[in-house]
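Numbering-wise, the sequence shown is residues 1188 to 1451 according to our numbering.
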Amino acid sequence: MIQLKNLSAGYFGKPVIKNVTMEFQPGKVTVLVGPNGSGKSTVLKAALGLLPAMEGGVWYDETDIRLLKRRQIARKAAFLTQSRNTPSIRALQMVLHGRFPYLSYPRYYGKEDYDAARKAMDATGCQQYENTNITRLSGGQKQGVYLAMALAQDTPAVFMDEPTTYLDIGHQFGLMQTAKSLAREGKAVVLVLHDISLALREGDLIGVFQEGRLLCFDTPELVYHKGVMEQVFGVDIHRMDTPHGTQYYCTLKEAKDALVSHIH
Ligand SMILES: Nc1ncnc2c1ncn2[C@@H]1O[C@H](COP(=O)(O)OP(=O)(O)OP(=O)(O)O)[C@@H](O)[C@H]1O
């Protein structure tokens, strides 16, 4: 369990996220949503110790993150980041980087590292690119390789910042399936998503952010009923029970008003 308690963090001495208290539970997919610039990525960075807490703090299984070395944190949480530089190396070599926290000096990869890397590539469907230089892969194919690197890290928590960005619809569903199966294995999975329909449908818990504050942290059902997302995003959210489970979709608030005035 990862706990953020009254956490404030930011850049150049100025807090961006303020007084955030939430936890990332094993076995659950937690989704963070909020408008652009509301602090979602900053929460992930602070939760991973990449940004120091200005107030409050982060605890991994009751241990203050300030007491953990980088390598120890890297054995507890993997991070699929939003922005990245693409080095000119083979995909398998990239995925093997996920094994760094387990290597002792001298840093040679052993059989178990190769096995973990190949298993992760299988899970994200990028095994066929094993020997391809990643600079030659498409955005979506690269995403599969980066996700495999995070999975090869074999951590109890996996954080993903907008992981569906480069993915076509089939691969978006695939990514969500991977996230859910990681949670079923007992991992704490934390996703930042912009697709709020997807968040409501697939998340176990949802944290809604606005201007660096956590407005609501609850199950999709309760978040929906409280109307927090509607307020934050300025949309109407509709819920439908379908043969494929509960689905949500959004319309612009104005669209409804226009419809009403049209009827009158
Ligand atoms: N490296 C940085 N240096 C200075 N300010 C930053 C930095 N990264 C983010 N910020 C600022 O922190 C605020 C929150 O940014 P953050 O990236 O956490 O938001 P977000 O909710 O993830 O946004 P988005 O949905 O657009 O990715 C923004 O105002 C942003 O300008």
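From the three backbone atoms N, C-alpha and C, an ideal C-beta is built for every residue, glycine too.
Item: Rounded separation between residue 1398 and residue 1223 - CA only; Value: 9 Å
Item: For residue 1309, the first and last residue of its enclosing beta strand (DSSP E); Value: No beta strand (DSSP E) holds residue 1309; the alpha helix (DSSP H) holding it covers 1298-1310.
Item: Nearest-angstrom Cα separation, counted from residue 1337 out to residue 1373; Value: 16 Å
Item: Beta-carbon proximity check, residue 1229 vs residue 1207, cutoff 7 Å; Value: no
Item: Residues near ligand 1, criterion Cβ-heavy atom distance below 6 Å; Value: 1198, 1203, 1221, 1223, 1224, 1225, 1226, 1227, 1228, 1229
Item: Integer Cβ distance of residue 1345 from residue 1278, believed to fall under 8 Å; Value: Not confirmed; about 19 Å, so no contact.
Item: Straight-line Cα distance separating residue 1400 from residue 1254; Value: 26 Å
Item: Sheet register partners of residue 1195 (DSSP bridge); Value: 1242
Item: 8 Å contact criterion, which residue 1452 and residue 1377 should meet: CB distance rounded; Value: In this structure the chain extends from 1188 to 1451, so residue 1452 is not present and cannot be described.
Item: Classification of residue 1325 by the beta-carbon crowding that lies within 10 angstroms, buried from 16 upward; Value: exposed
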